[in-house]
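These notes concern the structure reproduced below.
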Amino acid sequence: SARERIVGWYHTGPKLHKNDIAINELMKRYCPNSVLVIIDVKPKDLGLPTEAYISVEEVHDDGTPTSKTFEHVTSEIGAEEAEEVGVEHLLRDIKDTTVGTLSQRITNQVHGLKGLNSKLLDIRSYLEKVALGKLPINHQIIYHLQDVFNLLPDVNLQEFVKAFYLKTNDQMVVVYLASLIRSVVALHNLINNKIANRDAEKKEGQEKEESKKE
1 SARERIVGWY HTGPKLHKND IAINELMKRY CPNSVLVIID VKPKDLGLPT
51 EAYISVEEVH DDGTPTSKTF EHVTSEIGAE EAEEVGVEHL LRDIKDTTVG
101 TLSQRITNQV HGLKGLNSKL LDIRSYLEKV ALGKLPINHQ IIYHLQDVFN
151 LLPDVNLQEF VKAFYLKTND QMVVVYLASL IRSVVALHNL INNKIANRDA
201 EKKEGQEKEE SKKE
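Heads up, the sequence shown is in full-length UniProt numbering, so the first residue is 1 and it goes up one at a time.
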């Protein structure tokens with residue numbers, strides 16, 4: 001539509017290719033700040049199946065001429081209100097009604113942890129290649145990693161250990177109470193079932209006796 005604005009181009013990589021720089025330079029004739037989005041049509045990892053990049057000049061530490069390279073930029077997938085409403089209606093038809101809210105939350109947490117593990121493996125692989133000299137040192141990445149490590153909690157701190165135990169105990173108490181309630185309800189249903197069967201047997205016996213008397 002007339003309100004849409006072209007911000008770049010995309011391809012179904014699923015990774016960057018050597019000729020992407022040349023294509024991006026061609027796109028800059030029509031879009032000066034062209035953004036490249038790589039879409040993985042068959043994602044195997046968790047997370048968004050898209051990666052966004054912009055072209056930047058890379059300055060080398062050894063004084064060699066600068067070169068064009070891609071820099072990763074943060075991105076998200078959004079939709080207009082009308083599109084969101086349509087997607088919600090579609091999800092109602094395909095939603096698995098047998099899966100409860102708790103199961104969904106646990107599944108989402110497992111997926112999130114798998115995604116985190118995948119990213120940590122990528123970080124380790126990158127640092128190993130830098131240490132072996134296979135990749136040049138990118139100080140910006142090192143600074144970001146240092147910020148991440150600085151934000152990590154001290155697991156040996158007494159206050160942290162106490163708070164962790166308190167939180168865990170609170171959650172375990174809830175699970176314990178829920179198990180007790182389920183057991184009591186199951187016993188209650190079992191007793192009701194026994195009483196119903198006994199009454200049915202008595203009624204059936206009385207009907208047989210009455211039929212014999214007749």
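The beta-carbon is built from N, C-alpha and C at its ideal position, and this holds for glycine as well. All values derive from a computational prediction rather than experimental measurement.
DSSP three-state assignment for residue i, whether helix, strand or coil
i: Glu209; result: helix
i: Leu36; result: strand
i: Ile77; result: coil
i: His60; result: coil
i: Asp199; result: helix
i: Leu48; result: coil
i: Lys162; result: helix
i: Asn193; result: helix
i: Asn169; result: helix
Endpoints, the alpha helix (DSSP H) within which residue i is located
i: His144; result: 139–151
i: Asp122; result: 101–131
According to DSSP, residues forming a beta bridge with residue i
i: His72; result: Tyr53
i: Ser67; result: Glu58
Close-in-space but distant-in-sequence residues of the same chain around residue i (CB under 6 Å, 5 per side omitted)
i: Tyr126; result: none
Beta-carbon proximity list for residue i, same chain, < 8 Å, skipping 5 on both sides
i: Glu76; result: Leu48
i: Glu25; result: Ser55, Lys68
i: Gln146; result: none
i: Thr74; result: Ala52
Beta strand (DSSP E) segments (min. 3 residues) lying fully within the UniProt domain "JAB1/MPN/MOV34 metalloenzyme" (2–33) = Unbroken beta strand (DSSP E) stretches of 3 residues or longer found wholly inside the UniProt domain "JAB1/MPN/MOV34 metalloenzyme" (2–33): 8–11, given in chain order.
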